[in-house]
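Okay, so here's the structure we're looking at.
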Amino acid sequence: MGKMWISPLKSGAIVFMLCLTWLIMSGDVYASRFLDNGNGTVTDLQTNMMWTSQPIPVGEVGWNRAVSASQSFSISGIGGWRLPEKDELVIFSRALREEPFPSVAWPTCWSGTQDTEVKDNAFYVYMKFSTVYSASMWSSRHCVWPVRASQ
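Residue numbers for the sequence shown follow the UniProt record's numbering, so the first one is 1 and each next one is one higher.
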């Protein structure tokens, strides 16, 4: 039985195709976390949650105002929004750091989770580092980044 011989041209083509396949596959994995819905919202395909592309434009508000602003919010005719729970907001903020996201200012955002150990406190998340803090629902002011179940 003779030795199999592959020409340098064929072996270069094989290497090129393998590299191209790897680039395409790694790009698909990287780009597949968020689906831009084209209406100011994105869907996190790993959690099946829909988020607004940016915090909603109510500014930094107290917790009660954050709850009501998220519940009354509508974009492109889509309602049913709420403040995310603390853990949902942490997962989302970590995902934002892993994938490019349009002009995130890394705000601190209220969660819908109240602090059971400190009366009148709720949790907020510093989006840049995914750190969770407890603050007064009455005197602290943070952004509102609502979430809802995907359609």
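For each residue, glycine too, the CB sits at the ideal point set by N, CA and C.
These numbers come from a predicted model, not from an experiment.
Beta carbon of residue i nearer than 8 Å to that of residue j
i      : j     : result
Leu89  : Val58 : no
Val132 : Lys86 : yes
Contacts around residue i, its chain only, beta-carbon distance under 7 Å, and the 5 residues preceding and following it disregarded
i      : result
Asp120 : Ser136, Met137, Trp138
Ser93  : Val125, Met127, Ser130
Rounded Cβ spacing between residue i and residue j (contact assumed at less than 8 Å)
i      : j     : result
Trp145 : Thr52 : 6 Å
Contacting residues, own chain, Cβ-Cβ under 8 Å from residue i (five flanking each side not counted)
i      : result
Ser140 : Gly62, Trp63, Tyr124
Cβ neighbours of residue i in the same chain (closer than 6 Å, five flanking residues each side left out)
i      : result
Thr108 : Tyr124, Tyr126, His142
Met50  : Thr41, Thr43, Arg148, Ser150
Buried or exposed (CB count within 10 angstroms, at least 16 for buried), residue i
i      : result
Ala105 : exposed
Gly112 : buried
Leu96  : buried
Arg83  : Correcting the residue type first, residue 83 is Leu in the shown sequence and not Arg. Classification for Leu83: buried.
Ser74  : exposed
Q | Start-end ranges of the beta strand (DSSP E) lying completely within the UniProt domain "Lcl C-terminal" (40-148), minimum 3 residues | A | If we require 3 residues or more, the beta strand (DSSP E) runs fully inside the UniProt domain "Lcl C-terminal" (40-148) come out as 41-44, 49-52, 108-114, 121-126, 131-136.
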